[in-house]
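Report on the following structure.
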Amino acid sequence: MMAYVATVGDVLWALFGFGLIALFLWWLGSQLTKLVAWWREQRGGSRKATGDAGAAPPIPGGRDLTDNARAVLQSVRDRVAARFAESFFENRRSLQQDKVFAASVDQVRALALPTEMLVSLAAGYDHWITRVVLPVLSERDDIPDRWLLMAIRRLPPAPWDLAGLYVLSLEKAPGEVIGNVLAKTEDVRGDDVVALIAARVELGREVVDAELMRRHVPITAAEQIQTLLETYELPESVRNTFAEWLESALDFGEAGRYVKLRTRPFGDGPVLVEGRRAEVADELVAALQESPPRSAILVGEHGVGKSALVGEALERLPDGWIVFEAGATQINADAMYVGQLEGRIEDLVQRLHGRSAVWLFPAFEEALYAGTYSNHPTGMLDALLPHIEAGTIRIVAEITPANWELLVAKRPRVQSALRALRLVPLSDAETVRILSHALANDGHDISTDEAVLQETFELAQQFLPGVAQPGGAMRLLEATVDAALESEATAFDTGDVLASLAVLSGLPLALLDPKRPLDLDEVRGFFNERVLGQEHAVGAIVDRIALVKAGLTDPTRPLGVFLFVGPTGTGKTELAKTLAQFMFGSASRLVRLDMSEFQTPESLERLLTDSSLDETGAALIASVRRDPFSVVLLDEFEKASPPVWDLFLQVFDDGRLTDRAGRTTDFRRCIIVLTSNVGSALQYGPTLGFSTDEPGFHASDVERALRRAFRPEFLNRIDKILTFQPFGREQMRALLDKELEEVVRRRGIRGKPWAMELDESAISFLLDAGFSPTLGARPLKRAVEEHLLTPLARTIVDADAPEGDQFLFVTAPHGAIEVHFVGLDEEQTGVSAQDAPPEAEDPVADAADVRSLLRNGRADPDAQRILLSQLSEIETRVVNEVVERKHRALDLVSSPAFWEDDGRYHVLAEVEYLDRLEAACRTASKLGGRLRRRLEGTSAEAGADANGSRDAELFNLLGFRIYSLGRALEGLDVGAPFELFLRLRVVGDQAHPPETELLFLEQLVEMYLGWAKGRGMQVEVIDRLGDQVLLHAGGLGAGLILQPEAGLHILELPGGDGRHERSLERVTVAVQVAECEPGERITESALREQARQAFGKAEARAQVVRRYREGPSALVRDAARGYRTGRLDTVLAGGFDLFAGES
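Numbered according to the numbering used here, the sequence shown spans residues 185 to 1327.
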């Protein structure tokens, strides 16, 4: 019993809680209702006038205004804008009663502008001008016909006061104004609508009857019309008409959200219906008026004219018929529960019962699948068929012949339930006659001759093959007429038709117009600028474009079917994007499918599903239907399942694909590109761009792999198999340059007054980081982002922006990108002009020696001229010697026997070294150009800072690169190694503390690292073990400069008594140098092993290279280079090679 009482109590408490929740929801709903009502009344506040009351834009549409009229309008515009900034106008009446606004309108009225000019001003983008012009326009009796549509289109976004002025301007306008405005009652205040009706009825401009309402006003406006009847005083005849229309209007109930009510005229324009088509129209009207009525289905290809014929037939029905349109997708929208779709159809049928109503049903085949699922095989069609057979509803459906056959096979009942009326494509002569009739009766005064119409038909037939005639030709004609109207032309010719076709298809006009030549060299250049290093593939694409231009492609197949095969990251996808951009105007016309998503036979279902109807479907069918002119990219095609391969056989062969719903998609205007990696890794070794263990990458190996992977009947349907080669260093450099050009165009750099220059070391670093043996060029963008843009962003954010002729300089001295602004007094490796000791302390042995200029920090005009002169000599040598030497080396690389030669690594290393030398020369030339401009006085700071820090910094940058280039050229002459290993180890009798030895060892390591940073070289520590350090060095001229470093380096320290000569402590570090042989190096451990082997063969030199004495009388004595200097700090900072032959 107690349990029972507790249970009842729980129930009562629960009911009480639910009651409170319901009460709260009721209160919240009432508040929201009030809020919505207030918002609608105060809509002028939320739909406030747009525009800037500040700086006035040019007067729109005012090209033909006099200066006086323009001045008056500008003054009026500013005054009205300022008035709106002060006050709020709820509606047009409050605005018209404002004295400032009324005076402004009077000023415009006094200008006596032509009506056409008023229309142009009223249609402009300046709302202030529009407001003062509309009242003046409303007074004119010669308002053009087009103004009605222009004003109606501007109602929805306009605030209440402006919408009211638009309605005011229509009081004397020609046409059925009342019906059009009533269709927009949501966007206009009721008092404005009532005033318009009263004015037009009083002026005798219109008669309001039920037919007018049926022609223009959708049933969805019934609520607003009822509100007008209840709220405002209207003429009795108008009230009776509204009541009659409301009584006869069909309430669609829930389906009203999905149906589209059609009003007269039911077609898009006058249609020429003759011959068999006239008979079909008669049969359709007779079927609808039979007792009981009979539904009909028009069977014909897309574009054959089904919808146009239906519209013309419906015009023959008596007044009072209700015509609405709804497809399977609309009726089935949001139907989530079992039986919901069937209930929706039953409700609609009941509402249509006994009414003279016609349901237009496009794409009727969709009804077969709508509402079906695995455990429920019946759907919309099964729910409709009983009513169609009983004649309780009248349906006029459309379907293609293939889908009709499918429908009959699936549901044989449809053959007897629906009267099938077949339409066949028109003949050539009939189509041209249709075009002529449409042009003569479209209401526009635009003409052309018969020959142009014939050309229109032929162009549509060639370039719009997926649409039956007259649909394709009509679409092209309408686009041409629209373009003529926009340009205010009265006639058009074949050139205009071709221009419209170019817009419709995306094809370049040069490809369409037979009279316009297509320069294939320019086309090839277009592709080569975007796709680097794949000349063979580009050439094949250009050949296909030539076939399309000549009209020699097979019209029954796609425009081209290509198989791109090759290693990852070699430009296959980029070529497909470029093809889409050239052929169809945009890279967005690329439809890309990752075929690895279709590896199972079940995935075939998803591929055949239209994603616009089912979100689980692939994008292929929907995308091609939306943009028939597209490039279809089937990426990594070999990963798809064999059934998917078979599916595409019909696409490659016939250019058609039928989806699950039986609808056919036309691929004959597409270019299909398949990509594959099959066989591309067979001979692709780990060294970037070149093979090491195998004889190279060969297309024949790839082709053999393709024949093993794909069946012959599949490969036979491919127009061309294009093999993409791995990138060589030249292509890698070109790709990097392209990526850097995009970086420079970014907003953060583009808008700055300074430029960015990359040193050769930075370029080499990015090439190494941005290219991979397995991924090709794909990591390049990420490498630029990570290694260049990130430090660049930090530098821009942290540093003061440079001024004048300053710039960002990017280097990579220690295996990482470094960015700094040249000209911000940053410390440079070398001697600045301010810090240089007096000339007498270290006289210049040879003024023309770049090293002496750098060592003494000279940046005066004479030193600059010397530097530029030496740069010119180096540029000449690079052009005359280096380029030719590189070409000879590349010729060896292309030799078939090259990859069997043991010396191939040396040749490849030389090619890379010469490429870097060229790049460094280009960087030096850019720096030299900047220095030359300053020297010649073109820079704003040239005279003020001729010897200042900024010139000194630029001078040092250029000077060190000229020095390195010179040593590199000397090294080439004597065969100096490109890369070296240096091993530094402490030797001696251990008479001094170990920390002193290690400190000197680290000083020497830092000396070589500083030397590399100042000269754009690469020196990295690859191993440390106790008192031994292993370095790997490379860069232009590094071998020639560092070879003399082999031997003993001795640090001399003063003894306890302070006398240097008699009491010295010495610390010795032996430096051993060995050549780094070119070859395959992947890891740091492999590099250390190579160094171990190299030092096993190298000779250890015991002679003294350099003595370093610290203390007040610091001194450096270099036996290898034959100099002595007191500038110990300069030597230890990396300037040891700047002194030669001095005492």
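For each residue, glycine too, the CB sits at the ideal point set by N, CA and C.
Alpha carbons only, please: which of the options is nearest the one belonging to residue i?
i	options	result
E1096	H971, L1115, L1074 and V928	L1074
V815	L354, G769, A1104 and E789	G769
R844	D830, D838, A802 and R810	A802
E925	L731, L591, R714 and L858	R714
F426	L445, P1045, A405 and D850	A405
D850	L841, V857 and L858	L841
V1091	L1156, L1142, R1035 and R1049	L1156
G388	V372, K356 and D903	K356
D345	R276, L412 and E1057	R276
I336	A1304, D310, A367 and R324	A367
G650	L525, L536 and P609	P609
Q534	Q408, G437 and R384	G437
D1313	G1306, R1305 and L1322	L1322
Whole angstroms is fine: what's the gap from residue i's alpha carbon to residue j's?
i	j	result
L890	G744	19 angstroms
L1138	L1111	7 angstroms
L1149	E941	17 angstroms
T737	F711	21 angstroms
F1144	G1319	11 angstroms
R917	E944	11 angstroms
A492	G451	6 angstroms
A893	A512	43 angstroms
E496	P358	25 angstroms
F1162	A1258	11 angstroms
T299	P343	24 angstroms
K594	A510	22 angstroms
E1094	K1070	8 angstroms
R399	L333	15 angstroms
Q718	L791	32 angstroms
D921	G912	14 angstroms
A1103	L1226	22 angstroms
G1014	I905	Bear in mind that a pLDDT of 41 at G1014, under 50, signals an unreliable position, so the number given afterwards is only what the model happens to contain. The straight-line gap from Cα to Cα measures roughly 57 angstroms.
F676	V835	37 angstroms
Throw me the rounded Cβ distance for the residue i and residue j pair, which I believe falls under 8 angstroms.
i	j	result
T615	A657	5 angstroms
L174	L648	Because the chain here runs from 185 to 1327, residue 174 falls outside it and cannot be looked at.
F652	E463	Note on identity: in this sequence residue 652 is Ala, with Phe being the wrong assignment. The pair is not a contact, with the Cβ atoms about 19 angstroms apart (cut-off 8 angstroms).
E1002	V968	The Cβ separation is near 15 angstroms, so there is no contact.
E1229	L1237	Going by Cβ atoms, the distance from E1229 to L1237 rounds to 22 angstroms, so no, they are not a contact pair.
A663	V687	7 angstroms
A760	L747	In fact, because the Cβ distance is near 12 angstroms, the residues do not count as touching under 8 angstroms.
V681	E639	6 angstroms
L951	L972	About 12 angstroms; that fails the 8 angstroms criterion.
F908	K756	6 angstroms
F1279	R1167	6 angstroms
Suppose the cutoff is 6 angstroms on Cβ atoms and the five residues either side in sequence are ignored; what does the same chain contact list for residue i look like?
i	result
T1252	V1171, G1172, L1232 and I1234
Y1089	P1262 and G1263
P827	P785 and L788
A253	L295
A541	I506
Spatial neighbours of residue i within its chain, please: CB distance less than 8 angstroms, with the 5 preceding and 5 following residues excluded, ordered by chain position.
i	result
E467	A480, R603 and L605
Y416	G374, D375 and V378
R700	L693 and A694
If I measure Cβ to Cβ from residue i and keep anything under 7 angstroms in the same chain, skipping five residues before and after, which residues do I get?
i	result
E1059	C1105 and S1109
F1082	L1076 and R1088
L349	R276, R315, L318 and P319
contact_flag[the stretch 1219 to 1230, the stretch 1184 to 1201] where n(CB pairs < 8 angstroms) is 3 or more: yes
Is the stretch 572 to 586 touching the stretch 627 to 643, taking contact as three or more C-beta pairs under 8 angstroms? No: fewer than three Cβ pairs fall under 8 angstroms.
Does the count of Cβ pairs from the stretch 710 to 724 and the stretch 667 to 674 closer than 8 angstroms reach three? Contact fails: fewer than three Cβ-Cβ distances are below 8 angstroms.
Would you check if the stretch 546 to 553 and the stretch 808 to 822 touch, i.e. whether three or more CB-CB distances between them fall below 8 angstroms? no
Is the stretch 361 to 371 touching the stretch 383 to 392 in the sense that three or more CB pairs, one from each, lie closer than 8 angstroms? yes
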